[in-house]
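Residue numbers (our numbering), protein chains in the order written: chain X, 1 to 474; chain A, 1001 to 1474.
Idealized CB from N, CA, C, for every residue including glycine.
Computed from a predicted structure; not experimentally measured.
Encoded as structure tokens, the structure appears first; notes follow it.
There are 2 protein chains.
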Amino acid sequence: PLGLCCGPAAAATNIVLLLMDDMGWGDLGAFGEPSKETPNLDQMAAEGMLFLDFYTASPLCSPSRAALLTGRLPVRNGFYTTNGHARNAYTPQDIVGGIPDSELLLPELLKKAGYTNKIIGKWHLGHRPQFHPLKHGFDEYYEDFKIDLKTGEANLTQLYLQEALDFISKQQAGQQPFFLYWAIDATHAPVYASKQFLGTSQRGLYGDAVREIDDSVGKILKHLQQLGISESTFVFFTSDNGAALISAPRQGGSNGPFLCGKQTTFEGGMREPAIAWWPGHIPAGGVSHQLGSVMDLFSTSLSLAGLQPPSDRQIDGIDLLRVILQGKLIDRPIFYYRGNELMAVRAGLYKAHYWTWSNSWEEHSKGIDFCPGQSVAGVTTHTQEEHTYLPLLFHLGRDPGEKYQISFGSEEYQRAVEHISGLVQQHKATLVPGQPQLNVCDQAVMNWSPPGCEKLGKCLKAPESDPKKCSWPH
Amino acid sequence: PLGLCCGPAAAATNIVLLLMDDMGWGDLGAFGEPSKETPNLDQMAAEGMLFLDFYTASPLCSPSRAALLTGRLPVRNGFYTTNGHARNAYTPQDIVGGIPDSELLLPELLKKAGYTNKIIGKWHLGHRPQFHPLKHGFDEYYEDFKIDLKTGEANLTQLYLQEALDFISKQQAGQQPFFLYWAIDATHAPVYASKQFLGTSQRGLYGDAVREIDDSVGKILKHLQQLGISESTFVFFTSDNGAALISAPRQGGSNGPFLCGKQTTFEGGMREPAIAWWPGHIPAGGVSHQLGSVMDLFSTSLSLAGLQPPSDRQIDGIDLLRVILQGKLIDRPIFYYRGNELMAVRAGLYKAHYWTWSNSWEEHSKGIDFCPGQSVAGVTTHTQEEHTYLPLLFHLGRDPGEKYQISFGSEEYQRAVEHISGLVQQHKATLVPGQPQLNVCDQAVMNWSPPGCEKLGKCLKAPESDPKKCSWPH
Ligand SMILES: [Ca+2]
Ligand SMILES: [Ca+2]
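Listed below in structure tokens is the structure:
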């Protein structure tokens, strides 16, 4: 299913994806965070290229990560639910589904070009044995979980950093091209930081976590430089979805000037901080307005490895190398999905909302608010509002906060919506939805007997299988 | 009234204040504006020092500018009203008052150190002859007004740029120290740009104006460098109040992640973009969290000229040179006034609101909204809410958007409010309010016979004097 263009080259470019968890667009100094506490990331941007218009493929962890590793929208790769309309679904302990074997993951493909692949941190594509990362192309997998929920102290980021440095050293020593997927989670609630970073940020615990990540990224980049492989290693930093405003301020970050956060298809839910770094290749201080997507990391990584993307299926990611190396701009839309529904589409600077929803009144009345302090009439709705015949249109250049609807009667509206509606038609006409993987939950599939449970006398017997529709409230 | 420390030194440092009108904290790329269209200002920041916590002294033009030029809070220098409680007042055509003769303005003081002073653009400290800038220390005054309201086209920024360049050249040629107060207004509604900038921004007309300003600032800095006087010229860029969200998106800017805008004492109304530039003196790439104020530009400028501030009156500005040159942090509070009322106080990262108000329900119901798309319960109130006995407390590091009130019962609240209340007591105990200058309006004082009216046959006869209380709705 894939065209191998050149075979494993001796000088294949290493790939390091630094994927944050729930970090928002506005969390870095380079993106205007008022405390400006990310000197290493800001420096990474100054030496590389800043992407200002970079998106995830879902406002929630699991589908976003599935999209990144497959280069395909969740609605294609199965990481969505049809249990309800426009519902965000993920992979809790009792989920039955996971990443289908039929999906080709980035590490599987890179393997054929001689790469050694390691995932450090969060996988989130299914818990059952058949969904294990080592079954889907990764050669190594490292994760740990110990967090002191009361103090927020945990040295996990240090462990993840050390794992990354060791892996890089080992691969460099062995002259092996590598793919490192550093999927750490210190900025996901419960947020944590190591002792030496606790209390060091102006921003509280969340900021401590960001500072530790910033420090770690600096160390990884420096390590690459010290090993003399920075010019043969492509590094990309981004996040899996917008900041979880529901957990802010102690446990959640910032989406800068954008509307709402995680769980929503407003800019705050899906626009991500993004930096590409590759000394000697990427001109320093670059800034790109390319509409980018985490799915592009799939295609771009293949390109770096000298591989062609699979030709037997629709790939949504595009190869960004021309953008990154030559400053080109590629015309392409961004599709904002929530579960099984295409909620909005961006083309150029226009964004059309075909459906609006933050969450239900019922949830909202319990204090669950995806848009705290923000409320745009007719936009941040608490009922699912259909606008498929007359989409709400916004100009993200003049109005990045999605506050000022463009008048239905205007010429500008006519022109933009006609264009976007054409893109939607084309998209829908060719869309083959995957089997939804996030429909069924069953307590029997949970890990009742984790490794080592015998010693602790804590092994539990799995209950009888009782598959049910998972409940996805929003 | 002033202690002259050294007399006019041959090598006195020139001073250029670039004061924007209604430009918001979030309007520059360096402050996270998503279109990142201000390469010259971003470069200025990279070569100089970025101030992230810099404030105006009033969320409205006239009082802010009076504070800048006197180094004193509007409630001291008279630029406020007592016609209503906590009302923003300014200097419309029919205002009777203006800057009192008893106030000592920065250019008056600099004059004694041999400076030549020029104001280009907006004065706004009173229209009547006794309030003219040439009566208050300026040697030259240039302003123009022609704007095509339909297209937004006007070449005023180019005229103001040329005036600035010419003035600088002339002073350099004459070896004269100078103070240039470049108070342009392209970002104040009606927003305008020159033909060559119209339509060039992703952000629409407002962005066109910002791009032209950015280009002009670049040209001014380059001019200083080409004349070889950049090392003897201190340049400071800031704005007079927060972005006017009421005019957004076409005629108003962005306050980034902050709450509300112009007219309010929330961060969006009073926190300003700020950059200090002085090659060879300010270390490049500096970032400061000093709590700064436009009033500090008064004291800092005097210091640069080798002058002591007046000792016969309370000066609110502080000399920032230690901050700028040595990276020191000076402990000082920020007082957020609205008219005659102290609405809020910031000390360190804490901000206490003693009064909350955005605008009246009556105004709001007419669509006048100072916080579009934003609403924080109990904070962005539409009635004037008093909290003087139990102020609302926010931590601007964790919560720059003023959305998450710190619990009244917490230890953190006790500690912070005790500290801030002490500062308030001290402030109020020594406060001597000035005679309010913005109470009385009279159509008779308007300029009925502008220069040249005879030729056009458009001279009008002033009506009988009929002084009234000015009406300040918010
Ligand atoms: Ca996430
Ligand atoms: Ca103003």
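Original post:
Is it right to say A/ARG1271 is buried, meaning 16 or more other beta carbons lie within 10 angstroms of its own, or is it exposed?
Top reply: buried
**OP:** Identify each residue in the region 174–206 of chain X for which the Cβ-Cβ distance to at least one residue of chain A is less than 7 angstroms, and report them in chain order.
**Re:** GLN202, ARG203, GLY204
**OP:** Verify the contact flag: A/CYS1061, CB atom, against every heavy atom of ligand 2, threshold strictly below 6 angstroms.
**Re:** yes
Original post:
Is it right to say A/SER1471 is buried, meaning 16 or more other beta carbons lie within 10 angstroms of its own, or is it exposed?
Top reply: exposed
Original post:
What residue does the beta strand (DSSP E) around X/LYS170 start on, and which one ends it?
Top reply: X/LYS170 -> not in any beta strand (DSSP E); alpha helix (DSSP H) instead, spanning 156–173.
**OP:** Check the DSSP bridge columns for A/PHE1394 and list the partner residues they point to.
**Re:** A/LYS1351
Original post:
Residues of chain X with a CB under 7 angstroms from the CB of A/TYR1413: which are they?
Top reply: Result: empty, since nearest Cβ-Cβ is about 15 angstroms, beyond 7 angstroms.
Original post:
Taking only beta-carbon atoms, is A/ASP1027 less than 7 angstroms away from chain X?
Top reply: no
**OP:** Kindly give me the distance between the Cβ atoms of A/GLY1126 and A/GLY1098, rounded to whole angstroms, as I take these residues to be in contact under 8 angstroms.
**Re:** 2 angstroms
Original post:
According to a CB-to-CB cut-off of less than 8 angstroms, which residues of the region 1114–1129 of chain A neighbour chain X?
Top reply: none
Original post:
Between the region 1253–1267 of chain A and chain X, which residues of the former have CB atoms less than 7 angstroms from a CB of the latter, in chain order?
Top reply: SER1254, GLY1256, PRO1257
Original post:
Quick one: what does DSSP say A/TRP1123 is sitting in, helix, strand or coil?
Top reply: coil
Subject >> Among X/ASP214, X/THR151, X/VAL191, X/ASN359, the one whose alpha carbon lies nearest that of X/LYS262 >> reply: X/ASN359
**OP:** Inspect the beta-carbon positions of X/HIS382 and X/TRP361 and report whether they are closer than 7 angstroms.
**Re:** yes
Original post:
Hey, would you say the C-beta of X/ASP27 is under 6 angstroms away from at least one heavy atom of ligand 1?
Top reply: no
**OP:** Determine, using beta-carbon pairs with one atom in the region 1031–1041 of chain A and one in the region 1204–1223 of chain A, whether at least three such pairs fall under 8 angstroms.
**Re:** yes
**OP:** Tell me whether X/ASN88 counts as near ligand 1, meaning its Cβ is closer than 6 angstroms to at least one heavy atom of that ligand.
**Re:** no
Subject >> Cross-chain neighbours of A/SER1375 in chain X, by beta carbon under 8 angstroms >> reply: GLY373, GLN374, SER375
Subject >> Interfacial residues, the region 345–371 of chain X to chain A, with Cβ spacing under 9 angstroms >> reply: LEU349
**OP:** Mark X/ASN255 as exposed unless 16 or more other C-beta atoms lie within 10 angstroms of its C-beta, in which case mark it buried.
**Re:** buried
**OP:** Using a Cβ cut-off of 7 angstroms (strictly closer), state whether A/LEU1052 contacts chain X.
**Re:** yes
Subject >> Helix, strand or coil at A/MET1270 according to DSSP, with G and I counted as helix >> reply: helix
Original post:
Using a Cβ-Cβ cut-off of 7 angstroms (strictly less than) and excluding sequence neighbours within five positions of A/THR1265, which residues of its own chain qualify?
Top reply: PRO1059, TYR1336, ARG1338, MET1343, ALA1344
Original post:
Taking the alpha-carbon positions, what's the A/GLY1007 to A/GLY1327 distance?
Top reply: Because the pLDDT at A/GLY1007 is just 40, under 50, the model does not fix this residue reliably, and the value given afterwards should be weighed accordingly. Answer to the nearest angstrom: the Cα atoms are 28 angstroms apart.
Original post:
So, is the C-beta of A/ASP1399 closer than 7 angstroms to a C-beta in chain X?
Top reply: yes
**OP:** Pull up the DSSP beta-bridge partners for X/PHE335, would you.
**Re:** X/VAL345
Original post:
What's the call for A/PHE1145, buried or exposed, on a 16-neighbour Cβ count within 10 Å?
Top reply: exposed
Subject >> X/ILE95 versus X/ALA66, X/ARG128, X/ALA113, X/GLN172, residue with shortest Cα-Cα distance >> reply: X/ARG128
**OP:** Give a yes or no on contact between the region 1115–1126 of chain A and the region 1173–1181 of chain A, applying the rule of three or more CB pairs nearer than 8 angstroms.
**Re:** yes
Subject >> A/VAL1287 at chain X interface by Cβ criterion, 7 angstroms >> reply: yes
Original post:
Among A/THR1081, A/LEU1392, A/CYS1459, which one has its Cα closest to the Cα of A/ASN1439?
Top reply: A/THR1081
Subject >> Segment limits, beta strand (DSSP E) that includes A/LEU1239 >> reply: According to the sequence provided, residue 1239 of chain A is Ser. The question's Leu does not apply to it. Run containing A/SER1239: 1233–1239, per the beta strand (DSSP E) assignment.
Original post:
So, A/THR1116 versus A/GLN1171, is the Cβ gap smaller than 7 angstroms?
Top reply: yes
**OP:** Would you verify that the beta carbon of A/TYR1090 is, or is not, closer than 7 angstroms to some beta carbon of chain X?
**Re:** no
Original post:
Is the closest heavy atom of ligand 1 to the C-beta of X/ASP94 under 6 angstroms?
Top reply: no
Subject >> X/ASN255 CB to nearest heavy atom of ligand 3 below 6 angstroms >> reply: Of the ligands this structure carries, namely ligand 1 and ligand 2, none is ligand 3.
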